[in-house]
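Quick notes on the structure that follows.
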Amino acid sequence: MNRTLLLAALFLAAAPLAAQAQSADPNLGRMLASNCANCHGTNGASVGGMPGLAGRPRAEMLQMLREYRDGKRPATIMHQLAKGYSDAQLEAVSAFLSAQKPN
Amino acid sequence: MTNRRKFLQGSGAALIGSAVSSILPGCAGAPELRKPIGRVMIIGAGYGGQTAAKYLRMWSAGSIEVMLVDREPTFISCPMSNLVIGGSRTLAEITRSRNRLKEYGVQLLTDEVTAVDHAKKIVKFKDRYADMGYDRLIVSPGVDLMYEALPGMKSPNAQSQVLHAWKAGPQTVALRKQLESMPGNGVFVISIPLAPYRCPPGPYERVCQVAHYFKQAKPKARIIVLDANENITSKGPLFRAAWNQLYKGMIEYRPNAEVKDVDVRGKTLKTDFDSIKGDVLNVLPPMRAADIARSTGLINANNRWCGVDWLSMESTAVPGVHVLGDATLSAPAMPKSGHLANQHGKLAAAAIIEIMNGRQPNQAPVIANTCYSFVSDKEVIHVSSVHQYDAKQKTLVTVPGAGGVSAQRNEIEGAYGWAWAQNIWSDMLG
């Protein structure tokens, strides 16, 4: 728990980077999160059977996505999908989903 | 022509007011009470059209009026429909109401569009509604079947006996009943058209589902697969492993076997070289964008598919019209799947909102595909891909190194496959 909080705090310090990544398209995070919605629910609010993403700590989600991308975290499919996105895109989608309300 | 009983065109202030003041569940921020900036008419309420309808309302905060037209009052999913044929799910379990879309302010019209006047931006209906105007049009019509390629299948009578079951609904249940009535030592023959067709892995999943049923109920029955393609078109090694290990000796696969005609009475399929007799025939004819796409002038590729600008899904044939889903001329390595039709719907919704607000659509869209196939009632294999826009090629291209297939069939993804369905149905329908 403490570790998560620490990561979250560290990430907040890096927030301007994420903001910069989004500046190209103000709706970047929203658009990317709609790709997650097919399996994880609209705006990450799962209706069941898949982990919900809405409201999860941004740093935790970003770390998971990077680990999937880098093959450091076992998965059935996420290790394949995460490789399709740039680091800036992973940052933007984590930021957007963390701000959503879970079911 | 206009029937007096037809509903009045939705031009009344009350209608617009009711649409805008509706609650938008799950939407960040309350809907704004203001005059709509325009109306989007959506023809076809499947994976593409339903998604576009919900996301247009949600992402525009209710500022765009959305009308969604379909002949059928309820939604029946093609993905998962092979499980009804296999017997592990019912049609009721893959059927969903569209009523929650009303809470998003989507206006649902059950009718058939007979014509579109592109110049006047007016849609004409068959039964209930008077002519209706729009600012932008979305056509998400799915596919129709090219029976003209199979002379013996031209009559409605032939089509009612030799089924496709490639549009989920009555034919799905009817094919299941044919299999149940088949003799215990009977032969099921399925034919697969040359790609591209709707849902590349679908026919091979169906073979698994029929085999799964035979294994339980008719272990002496056999399956013959006549594939016009030179090999299994999706997840080949995984399907072959399932056939060899789960259904050993039951399935005969014949590549390069394009069916050219059907003798319905003789229950025989004909290729250039062979006649193959069966007890239950399941013919998947070649496919093209559905009739409404043809009659509205949207088909401009090989006389079969609708070209689109992948930044907006806007038709390359008719400005102001967006085409979604299986009817599109696919981008490179992009399968015709329900999952991607949903993604097309979001891409189009975002672009239309920008265009109607006088802004440029996002110039770097990215969409993804995930497709789960059930090789038994519990075990699943997947294929996935990510498609980013390439400005030089002016199309969506798969990201090298991303995507792939399951390492092997497994039950974990069996649970995920069904959960995918619940979540994507909810993503479309609220």
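If you read the protein sequences in the order shown, they are chains A and B.
So the first sequence is residues -7 to 95, counted in this note's numbering.
So the second sequence is residues 44 to 473, counted in this note's numbering.
Note that CB positions come from ideal geometry on N, CA and C, so glycine has one too.
Going along chain A, which residues have a C-beta under 9 Å from W463(B)?
-> Those are N30, C31, G41 and M42, listed as they occur along chain A.
CA-CA distance, S78(A) and C31(A)?
-> Straight-line spacing of the CA atoms in S78(A) and C31(A) works out to 20 Å.
Pull up the DSSP beta-bridge partners for G447(B), would you.
-> Answer is S427(B).
Closer than 8 Å, CB to CB, is A95(B) near chain A or not?
-> By this cut-off, A95(B) is not an interface position.
Does any C-beta atom of chain B lie closer than 8 Å to the C-beta of K64(A)?
-> K64(A) does not count as touching chain B.
What residues in the segment 72 to 87 of chain A bring their beta carbon closer than 9 Å to a beta carbon of chain B?
-> So the list reads Q72, L73, A74, K75, G76, Y77, S78 and Q81, given in the order they occur along the chain.
For R61(A), I'd like the list of residues in its chain whose CB is within less than 6 Å of its CB, leaving aside the five on either flank, ordered along the chain.
-> Sequence-distant Cβ neighbours of R61(A) in its own chain, meaning closer than 6 Å and more than five residues away, are A74 and K75.
Is I410(B) near H365(B), with beta carbons less than 8 Å apart?
-> Taking 8 Å as the Cβ cut-off, I410(B) and H365(B) do not qualify as a contacting pair.
Proximity test, Cβ basis, 8 Å: N142(B) and chain A | No, no contact with chain A.
Neighbour list for K389(B) in chain A, Cβ cutoff strictly below 9 Å | Ordered by position in chain A, the residues that pass the 9 Å Cβ test against K389(B) are M23, S26, N27 and A29.
Going along the chain, which unbroken runs of the alpha helix (DSSP H) with 4 or more residues stay wholly within the segment 79 to 167 of chain B?
-> Runs of the alpha helix (DSSP H) inside the segment 79 to 167 of chain B: 90 to 102, 124 to 129 and 143 to 146.
Could you pull the start and end residues of the beta strand (DSSP E) that I275(B) belongs to?
-> Premise fails: I275(B) is in no beta strand (DSSP E) and is neither H nor E.
Classify T157(B) as buried or exposed, calling it buried when 16 or more other Cβ atoms lie within 10 Å of its own Cβ.
-> By the neighbour-count criterion, in which 16 or more other beta carbons inside 10 Å mark a residue as buried, T157(B) falls on the exposed side.
F88(A) lies in the alpha helix (DSSP H); which residues open and close that run?
-> Its alpha helix (DSSP H) spans residues D79 to S90.
Do you know offhand how far G81(B)'s Cα is from E155(B)'s?
-> In this structure, the straight-line span from the alpha carbon of G81(B) to that of E155(B) is close to 22 Å.
Does any residue of chain B bring its CB to less than 8 Å from the CB of S90(A)?
-> Cβ-Cβ to chain B under 8 Å: no for S90(A).
Supposed contact pair G227(B) and K263(B) - C-beta distance, whole angstroms, cut 8 Å = Between G227(B) and K263(B) the Cβ distance is about 6 Å, and since that is below 8 Å, they are a contact.
Three-state secondary structure (DSSP) of C70(B) | Here the model assigns C70(B) a pLDDT of 45, short of 50, so the residue's position is not dependable and the matter cannot be decided.
S449(B) CB to nearest chain A CB: under 8 Å?
-> Yes - at least one Cβ of chain A is within 8 Å of the one on S449(B).
Under 7 Å between beta-carbons, which chain A residues line up against I410(B)? List them in chain order, please.
-> Chain A residues near I410(B): N27.
Let me know if D334(B) comes out buried or exposed under the rule of 16 or more other beta-carbons within 10 Å of its beta-carbon.
-> Under this definition D334(B) is an exposed residue.
Stretch pair the segment 177 to 193 of chain B + the segment 86 to 105 of chain B: three plus CB contacts closer than 8 Å = A contact exists between the segment 177 to 193 of chain B and the segment 86 to 105 of chain B.
Environment of E422(B) [buried if 16+ CB atoms lie within 10 Å] | E422(B) comes out buried.
Near M70(A), what residues of its chain come up, given a Cβ to Cβ distance below 7 Å and the 5 sequence neighbours on each side ignored?
-> Taken in chain order, the residues that qualify are Y60.
Can you tell which of S427(B), V361(B) and M471(B) has its C-alpha closest to the C-alpha of H161(B)?
-> Distances from the CA of H161(B) to each of S427(B), V361(B) and M471(B) were compared; the closest alpha carbon is that of V361(B).
Check L289(B) in the structure and name its three-state DSSP category.
-> In the structure shown, the three-state DSSP call for L289(B) is helix.
Kindly indicate if chain B contains any beta-carbon less than 8 Å away from that of L54(A).
-> It does not; no Cβ of chain B falls within 8 Å.
Using a Cβ cut-off of 8 Å (strictly closer), state whether S469(B) contacts chain A.
-> Interface residue, yes.
Is it true that the CB of F118(B) sits closer than 8 Å to the CB of T133(B)?
-> Going by C-beta atoms, T133(B) is not nearer than 8 Å to F118(B).
Over what stretch of residues does the alpha helix (DSSP H) that includes C28(A) continue unbroken?
-> Run containing C28(A): L20 to H32, per the alpha helix (DSSP H) assignment.
Close Cβ partners of I342(B) (< 6 Å) along its chain, the five nearest in sequence each way excluded = Cβ within range, chain order: A332, A336 and C349.
Use the C-beta contact count for G40(A): other C-beta atoms within 10 angstroms, 16 or more gives buried, fewer gives exposed.
-> Under this definition G40(A) is an exposed residue.
Mapping DSSP to helix, strand and coil, what is I267(B)?
-> Residue state, collapsed to three classes: strand.
Nearest to G279(B) by CA position, among Q465(B), G447(B) and L99(B), is which residue?
-> If we check each option's Cα against that of G279(B), G447(B) comes out closest.
Inter-residue Cα distance where the pair is E357(B) and W463(B) | Each residue's Cα considered, the two are about 28 Å apart.
Could you please give me the residues that DSSP links to I398(B) through a beta bridge?
-> BP columns for I398(B) are empty, so no partner.
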